[in-house]
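Remarks on the structure that follows.
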Amino acid sequence: MNPPTEYAESVLDLVERIPPGRVMSYGMIAEYLRERTGRGSPRTVGTVMARYGSGVPWHRVVSGAGRLPPGHEQTARQRLEAEGVPFRGQHVLMADPVLWWPE
DNA sequence: GGGGTGACCCAGT
DNA sequence: TACTGGGCCACCC
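Letter 31 of the first sequence, counting from 1, is numbered 30 in numbering that gives the first Met the number 0, and no numbers are missing.
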């Protein structure tokens with residue numbers, strides 16, 4: 000596996016800061032990094048997580064609709080429920096108290 | 001430098 | 001509620 004690029008590093012740094020029991024969407028991450036770096040998009044964040052996400056709390060990153068990463072639904076749901084994240088059916092309940100934004 | 005590839009998003013149907 | 005099409009953009013040939 001190739002080393003993370005500069006943009007990938009900024010994504011990983013942010014994901015590492017998400018507290019237990021809270022989540023961010025790919026779109027939120029893209030918006031935050033675009034404010035700070037002027038780069039990125041939700042799709043690019045997804046690509047970064049697919050390639051480099053294994054070393055960070057990737058289960059705290061979900062789609063804007065609360066869907067879990069393809070191929071890792073069971074693991075993600077197990078970890079999130081253990082942290083107290085509420086579910087509605089198969090997806091995370093994307094309500095204010097669970098969404099996190101960096102201070 | 002040009003084209004393909006996504007762990008996305010949103011509006012429309 | 002579920003699916004589609006268009007837009008998106010860093011990264012890798």
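Glycine included, each C-beta is placed from N, C-alpha and C at the ideal position.
CA-to-CA distance, residue j to residue i, given in whole angstroms
{"i": "residue 102", "j": "residue 57", "result": "20 Å"}
{"i": "residue 0", "j": "residue 54", "result": "13 Å"}
{"i": "residue 36", "j": "residue 87", "result": "34 Å"}
{"i": "residue 15", "j": "residue 93", "result": "20 Å"}
{"i": "residue 11", "j": "residue 51", "result": "8 Å"}
{"i": "residue 99", "j": "residue 20", "result": "9 Å"}
{"i": "residue 22", "j": "residue 61", "result": "7 Å"}
{"i": "residue 77", "j": "residue 95", "result": "21 Å"}
Proximal residues to residue i (C-beta, below 6 Å), its chain only, five neighbours per side dropped
{"i": "residue 18", "result": "none"}
{"i": "residue 83", "result": "20"}
{"i": "residue 25", "result": "41, 44 and 45"}
Which listed residue (the options) has its alpha carbon closest to that of residue i
{"i": "residue 40", "options": "51, 68, 28 and 76", "result": "28"}
{"i": "residue 67", "options": "30, 47, 91 and 80", "result": "91"}
{"i": "residue 116", "options": "70, 4, 95 and 85", "result": "Summary: the structure shown does not reach residue 116, with the chain confined to residues 0 through 102, and so no result is reported for it."}
{"i": "residue 2", "options": "82, 77, 80 and 47", "result": "47"}
{"i": "residue 69", "options": "89, 80 and 81", "result": "89"}
Status (buried if at least 16 other CB within 10 Å, exposed otherwise) for residue i
{"i": "residue 7", "result": "buried"}
{"i": "residue 59", "result": "buried"}
{"i": "residue 65", "result": "buried"}
{"i": "residue 49", "result": "exposed"}
{"i": "residue 75", "result": "buried"}
Delimiting residues of the alpha helix (DSSP H) encompassing residue i
{"i": "residue 97", "result": "Taken as a continuous stretch (DSSP letters only), residue 97 belongs to no alpha helix (DSSP H), as it is neither H nor E."}
{"i": "residue 7", "result": "5-15"}
{"i": "residue 78", "result": "72-81"}
Other residues of its chain near residue i: CB distance less than 8 Å, five sequence neighbours each side excluded
{"i": "residue 38", "result": "6 and 32"}
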